[in-house]
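In what follows, a single structure is set out as structure tokens and then discussed.
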Amino acid sequence: MSTESITERLCSQFDNDFENQSKLQTEMIQKESQKNPFNENILSDLNVLNYKTTRELWKNCKKYKLKHYALGSIFTRVLDIDNTLNYKEENEIELKIKNLETKKKVQLMIVTIDDLYPYKDLTEYSIEQVNSWGIGKYPVNGGIIIVLDKKDRNIRLSTDYKLKKELTNKECEEVIEILKPFLKEKKYLEGLKMAIEEIDARI
Numbered sequence: 001m002s003t004e005s006i007t008e009r010l011c012s013q014f015d016n017d018f019e020n021q022s023k024l025q026t027e028m029i030q031k032e033s034q035k036n037p038f039n040e041n042i043l044s045d046l047n048v049l050n051y052k053t054t055r056e057l058w059k060n061c062k063k064y065k066l067k068h069y070a071l072g073s074i075f076t077r078v079l080d081i082d083n084t085l086n087y088k089e090e091n092e093i094e095l096k097i098k099n100l101e102t103k104k105k106v107q108l109m110i111v112t113i114d115d116l117y118p119y120k121d122l123t124e125y126s127i128e129q130v131n132s133w134g135i136g137k138y139p140v141n142g143g144i145i146i147v148l149d150k151k152d153r154n155i156r157l158s159t160d161y162k163l164k165k166e167l168t169n170k171e172c173e174e175v176i177e178i179l180k181p182f183l184k185e186k187k188y189l190e191g192l193k194m195a196i197e198e199i200d201a202r203i
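This is how it looks when you write it as structure tokens:
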């Protein structure tokens, strides 16, 4: 079932009760994600489908009451909305982030985005995700998000207030400049791995 079809069906079933809306959405997304029992990437697919459904509901369902999307930061370190990475590559990035988190006690999340709606630009999007997902809330030393927008060829690194002392805006820009040649050549895996290594070296 397409995201548009899921959105249409959910909106037709919604009443004005927030908890009921959340329950209906969760049940339908889980049902759709489990249709292929052999899918190795089911967790990532569930996250992406839920994110896109939430966005479509924001756009097209006036009854929808959820104001923030918060699933990604709970279940995964990589939210590949734009299908930039394959299953093996995504797992490789997840492992590299996990090692960084264990060593430096920080949280890192990577998002590839295909549509910034409802945000006006990548900066606003990134800052909102740090806040709404609570990135850096639990590790001792804070958190950072890397957002990659392939369509507009744009990258953004945003930190929470704790990590900002260790990873300044200038250093974030330096990491972005290191990333750019990899992304220009569509070497996304290599670029993201390099970004993680550069962050590791700076904190």
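For the sequence shown, the tail end lands on 203 under this note's numbering, and the numbers increase by one without skipping. Ideal Cβ placement from N, Cα and C applies to all residues, glycine included.
Based on the DSSP output, what are the partners of Ser158 in its beta bridges? Its beta-bridge partners are Ile145.
Would you mind stating whether Ile81 and Asp114 have Cβ atoms separated by less than 7 Å? Against a cut-off of 7 Å, the Cβ pair of Asp114 and Ile81 comes out as a contact.
Start and end residues, beta strand (DSSP E) containing Ile110: It spans 107-112 - the beta strand (DSSP E) in which Ile110 sits, taken as one unbroken run.
By Cβ distance, which residues of its chain are closer than 7 Å to Ile6, with the 5 residues on each side in sequence left out? Closer than 7 Å at the Cβ level, and outside the excluded window around Ile6, lie Met28, Glu32, Thr53.
Nearest-angstrom Cα distance between Glu221 and Gly191? Here the chain has residues from 1 to 203 only, and residue 221 is not among them.
Measure the CB-CB distance between Leu108 and Ile97 and report whether it falls below 7 Å. The answer is yes: Cβ separation under 7 Å.
Within this structure, are the beta carbons of Asn141 and Val106 separated by less than 7 Å? One thing to note: Asn141 has its Cβ within 7 Å of the Cβ of Val106.
Would you kindly check if the distance between the Cβ of Ile196 and the Cβ of Leu100 is under 7 Å? Against a cut-off of 7 Å, the Cβ pair of Ile196 and Leu100 comes out as a contact.
Return the residue from the list Thr112, Glu19, Asn39 that minimises the CA-CA distance to Arg77. Residue nearest to Arg77 within the set Thr112, Glu19, Asn39 is Thr112 (criterion: CA-CA distance).
So, Ile145 versus Gln129, is the Cβ gap smaller than 7 Å? A Cβ-Cβ contact shorter than 7 Å links Ile145 with Gln129.
Nearest neighbour of Asn60, chosen from Glu92, Phe14, Asp45 [CA to CA]: Proximity to Asn60 across Glu92, Phe14, Asp45 peaks at Phe14, based on C-alpha coordinates.
Residue burial classification, Arg202 (beta-carbon count within 10 angstroms, cutoff 16): That one is exposed.
Gln30: buried (16+ other C-beta within 10 angstroms of its C-beta) or exposed? The residue is exposed, with fewer than 16 neighbouring Cβ atoms inside 10 Å.
Boundaries of the beta strand (DSSP E) in which Val205 is found, first to last residue: Shown here, the chain extends from 1 to 203; a query on residue 205 therefore has no answer.
I believe Gln21 touches Tyr64 by the beta-carbon criterion, under 8 Å. Please report the beta-carbon distance rounded to the nearest angstrom. Between Tyr64 and Gln21 the Cβ distance is about 7 Å, and since that is below 8 Å, they are a contact.
Roughly how many whole angstroms lie between the Cα atoms of Leu163 and Ile127? The alpha-carbon atoms of Leu163 and Ile127 are separated by roughly 13 Å.
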